[in-house]
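So the structure is just underneath, and the comments pick up after that.
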Amino acid sequence: MGNHTVDAALPESGDLSNGAPTSAARSAPPRRLPLLNRETEAFWTGGSEGRLMICRCEACGRYLHPPLPRCPPCGGQTAPSPVSGKGRVASFTINVQAWTPGLQVPFVFAAVELVEQAELYVFTNIIDCPAREVRIGMSVEVAFEPHGDVWLPLFRPQGQADAG
Ligand SMILES: [Zn+2]
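The following block contains the structure:
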């Protein structure tokens, strides 16, 4: 074999992070956070103003969640629109395994049907309520949990906070 080695400028570190050019590389939160894009940003950040923002068709008024740039039924343009933040538990599962460190178990993963429209579901966690007391049809309201720029829309039983 040769005496000379090519002085290749390979990095020494075994750092496997790929340096993806996203903005989400701050301290790791205990929950997995969503990626934001133009359609979803309002939903995930509206909590900073205390508002649950749901994509709505400007032509026919239909709410769309997850957000879409166009309304499938009518083709109209959509825009985020504030809703009441109230709904009811349409279905739920109780999870007893912590997916990520810091996640308290058991926790309740639920489809909450918003009062604004039939079958308008937000997939979320039910908080401030023992898992065994969650019921189908239970009235819930949004409660935001901030993680940096993202305000996770979680839901809790209605009437737990001061009635506003
Ligand atoms: Zn429409």
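With our numbering applied, the sequence shown corresponds to residues 13 to 176, in that order. Think of the CB as a built atom: it goes at the ideal place given N, C-alpha and C, for glycine as much as any other residue.
With DSSP collapsed to three states, give me the class of residue i.
{"i": "Trp163", "result": "strand"}
{"i": "Arg144", "result": "helix"}
{"i": "Ala36", "result": "Unreliable placement is indicated for Ala36, whose pLDDT of 40 sits below 50; no coordinate value is reported for it."}
Should residue i go down as buried or exposed, given a rule of 16 or more other Cβ atoms within 10 Å for buried?
{"i": "Gly160", "result": "exposed"}
{"i": "Leu164", "result": "buried"}
{"i": "Thr105", "result": "exposed"}
{"i": "Arg38", "result": "Residue confidence is low: Arg38 scores 43 on pLDDT, short of 50, so the model does not pin down where it sits. Its coordinate-derived value is still stated next. When all chains shown are included, Arg38 counts as exposed."}
{"i": "Phe119", "result": "buried"}
Can the beta-carbon of residue i be found less than 7 Å from the beta-carbon of residue j?
{"i": "Pro85", "j": "Met65", "result": "no"}
{"i": "Ala143", "j": "Phe135", "result": "no"}
Using DSSP bridges, identify the partner residues of residue i.
{"i": "Ser93", "result": "Ile66"}
{"i": "Pro78", "result": "BP columns for Pro78 are empty, so no partner."}
{"i": "Glu157", "result": "Leu164"}
{"i": "Arg100", "result": "Glu125, Ser151"}
{"i": "Ile106", "result": "Val120"}
Using 6 Å as the cut-off, classify the Cβ of residue i as near or not near the heavy atoms of ligand 1, replying yes or no.
{"i": "Arg82", "result": "no"}
{"i": "Arg63", "result": "no"}
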